[in-house]
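Notes follow once the structure below has been shown.
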Amino acid sequence: MSSYIITPPAEVKGTVEISGSKNAALPIITAALLPDGATTLTRVPHLSDTKFMQEIISILGHDCSWDDNQMTIIPASRPITDPPMELMSKLRASFLIMGPVLAKYGHIRIPYPGGCKIGARPIDLHLKGFSAMGAELCQGHGYVEATCNHLEGADIYLDFPSVGATENLMMAACLARGITNIENAAAEPEILDLAEFLMQCGAEIEGAGSDRITITGTDHLSPCQYEIIPDRIEAGTFLAIAAAAHGHLDIQNIRPAHLKPMTAKLEEMGVNLTIEEKSIEIDASAPLSAVDIKTLPYPGFPTDLQPQMTALLSLSKGTGIVVETIFENRFMHIPELVRMGANIKVDGRTAVIDGVSGLTGAEVRATDLRAGAALTIAALSANDATEIIDIEHIERGYENFPEKLNKIGISVYKK
Ligand code: UD1
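Going by numbering that gives the first Met the number 0, 108 is the number at position 109 of the sequence shown; the sequence numbering is gapless.
Below you can see the structure in the form of C-alpha cells.
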C-alpha cells in the first residue's frame, strides 16, 4: 500500500498540461473491437484503469499494444468471449466490452460487476437495452450470458441517463440491423467523443450529446486513427487545486466548454478566470466565498468533481450546501476531511459545510479516486504535512499526478 506525503506549498504557480480523458478512453478502447483492422488511438492516458482495459482486451485474444500515449488495437476474428472474473472485477467499466463483443461476435459471458464503494451501480439499464435489441440473456450466479444471431435496432428509453448504458447500447447499435433510438440518453462530452470515434469508423449516428440518439446499424465498420478528448475532471481538479492554494495556474490542452459547470461555480466563489479556446488561466488570490452545489447529469455539476468542491468549500468563507443526486454513497471523503479540521454535517445526500480558516495535517485515507483528489486539495492549506494512504485509487484516474503537482510547486513524496 503506497501513500503520498504532501507538504503545504509556499506558492502554487505554473503550467499544467491535461492528459487524455480516462472516461472517454475506456469506452473508445472497447469500441475499437467493432471495426475490422487496426485502430490507433492517441492521447490515451497511462492509468491503472486503462492498463486493466488493455489486459482485458488482450486476454480475450485481441491485439492491444501501447507505445507512449498511443494504443493500437487489432480485433481477433475468433476471440474468447468469456473474460475472467478476477480481471473484470478490477474495473467496473470493464462492462463496456459487452456491447461491442455481443454485437460483433454474437456471444458474451461476463461476470456481473460487484458493488462499488460509491454506490450499488446496477447494470439493469444496459441489460434491458440489449434485451430490447433481441439478445437472449441468461443471468446465473455472478454472471450474465448474452447471445444473438444478429442484434436488431430498437426503441430504448433509459429510466435514468446512465453514461455507461448509453455508451454500451450506442456501440452495440452500430452493428445492429436497422435503426435504434436511445431516449433519455446521457449527454456527457465522453458520449459525444465515443460517437465521433464511431462515426469516423463509418457508423451513422445522430443526436449524440443530446437526450435522443439515433443510430442506423451497418454490417461493417472500418478502423481509423483517433485522438481522445482532454480529461475535464483532471482539469477541474487542477482548477480546484489552484483555488485552494490561492495560486496562479495556466491549465492547457483542454476544452473549456466541457468545464462550464465548474468554471461558473469558481467564478461565483470569487476566482478570476481567463478562458481561451484551449486553456484556462486561473488567478485565485482573492478569498473564496461559499456556494451551493447539486450534482446532476451533464450539463449539470459533475459528481466526479463533487468531492474536490467539498474540500474547497471547507476552506471558503460562509456556508455551502452540497447535494449529491447521482450516487447514494459519495460522501466518504467527508469523515477524512473532518479529521483534518473541516466543519461538515451530513444528512442523507446533503452536506452542509461551514468554511474554516485552515486545516490540520493528518494521516487520511483515499477511499476512492475522487476522494483522493479531494484530500490532496485539503492538504494544500493544512498547517503541516498530510499523508494520504491508499493512493492506488488516485492512480486509477490521474496520469503522472505527483510529477504534475511537483512541477507547480507542490511537494509530493511517494512512499
Ligand atoms: C460514469 C463514469 C463515472 C461517473 C458517472 C456519472 C466512466 C468510466 N465512469 O460511470 O466516472 O461518475 O458516469 O457521471 O465513464 N444506474 C442504474 N442502472 C444502470 C446503470 C446506472 O441504476 O444500469 C445508476 C447508477 O447506479 C448511478 C447512476 O445510474 O446511480 C449513474 O450511473 P452511470 O451514469 O451509469 O455511471 P457509470 O457509467 O457507471
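Cβ coordinates follow ideal geometry from the N, Cα and C atoms, glycine included.
Span of the beta strand (DSSP E) holding residue i?
i: Y397; result: Run containing Y397: none; DSSP gives neither H nor E here.
i: T71; result: 69-73
i: I352; result: 349-353
i: R211; result: 211-215
i: G139; result: 135-139
i: S2; result: 2-6
i: V321; result: 318-322
i: G19; result: First-last for G19: undefined, no H or E at that position.
Report the option in the options whose CA atom is closest to the CA atom of residue i.
i: R120; options: A361, Y104, I325; result: I325
i: E323; options: L336, A361, T309; result: T309
i: D210; options: S221, I204, I190, N183; result: N183
i: V11; options: G354, H247, K293; result: H247
i: R348; options: T294, I390, I79; result: T294
i: I109; options: V100, A131, P82; result: P82
i: V321; options: G141, I73, A350; result: A350
i: P298; options: T14, P160, A285, L101; result: P160
i: A263; options: I240, E144, I292; result: I292
If you drop the 5 nearest sequence neighbours on each side, which residues of the same chain put their C-beta closer than 6 angstroms to that of residue i?
i: I228; result: S20, A23, D192
i: T213; result: N180, E205, G206
i: M331; result: T366, A370
i: L358; result: M339, G340, A377, S380, A381
Take residue i and list the residues in its own chain whose beta-carbon comes closer than 8 angstroms to its own, dropping the five residues that flank it on each side.
i: A242; result: L265, M268, V270, I281, A283, L287, L311
i: Y225; result: I27, T38, T39, L40, T41, E195, F196, Q199
i: I17; result: P229, D230, E233, A234, F237, I250, Q251, N252, I253
i: K127; result: I155
i: K277; result: Q251, N252, I253, R254, P255
i: G105; result: T146, C147, N148, H149
i: L258; result: R231, A234, G235, L238, I279
Within 10 angstroms of its Cβ, does residue i collect 16 or more other Cβ (buried), or is it exposed?
i: T318; result: exposed
i: C417; result: For residue 417 there is no data in the structure shown, the boundaries of the chain being 0 and 414.
i: M0; result: exposed
i: Y412; result: exposed
i: K344; result: exposed
i: D66; result: exposed
i: S313; result: buried
i: S76; result: exposed
Output needed for residue i: all residues of its chain with C-beta closer than 7 angstroms, excluding positions within five of it in sequence on either side, in chain order.
i: V363; result: E335, R338, M339, L374, T385, I387
i: P34; result: C200, L220, S221, P222
i: E166; result: P26, L95, I190, L193
i: G13; result: L248, K406, I407, G408
Between which two residues does the alpha helix (DSSP H) containing residue i stretch?
i: V100; result: 97-104
i: N180; result: Looking at the DSSP string, N180 is not in any alpha helix (DSSP H); the run it does join, the beta strand (DSSP E), is 178-182.
i: N342; result: Taken as a continuous stretch (DSSP letters only), N342 belongs to no alpha helix (DSSP H), being part of the beta strand (DSSP E) at 342-346.
i: E280; result: Unbroken run through E280 is the beta strand (DSSP E), 278-282; no alpha helix (DSSP H).
i: R231; result: 231-243
i: H332; result: 332-338
i: R364; result: Where R364 is concerned, there is no enclosing alpha helix (DSSP H), although the beta strand (DSSP E) it sits in stretches over 362-364.
i: H126; result: Inspection of the sequence shows that residue 126 is occupied by Leu rather than by His. That run of the alpha helix (DSSP H) goes 123-131.
For residue i, decide whether its Cβ has a neighbour in chain D, counting only Cβ atoms nearer than 8 angstroms.
i: C200; result: Looking at the structure shown, chain D is missing, and only one protein chain is on hand.
- Using 8 angstroms as the threshold, is the segment 49-59 in touch with the segment 77-92, meaning 3 or more CB pairs across them? yes
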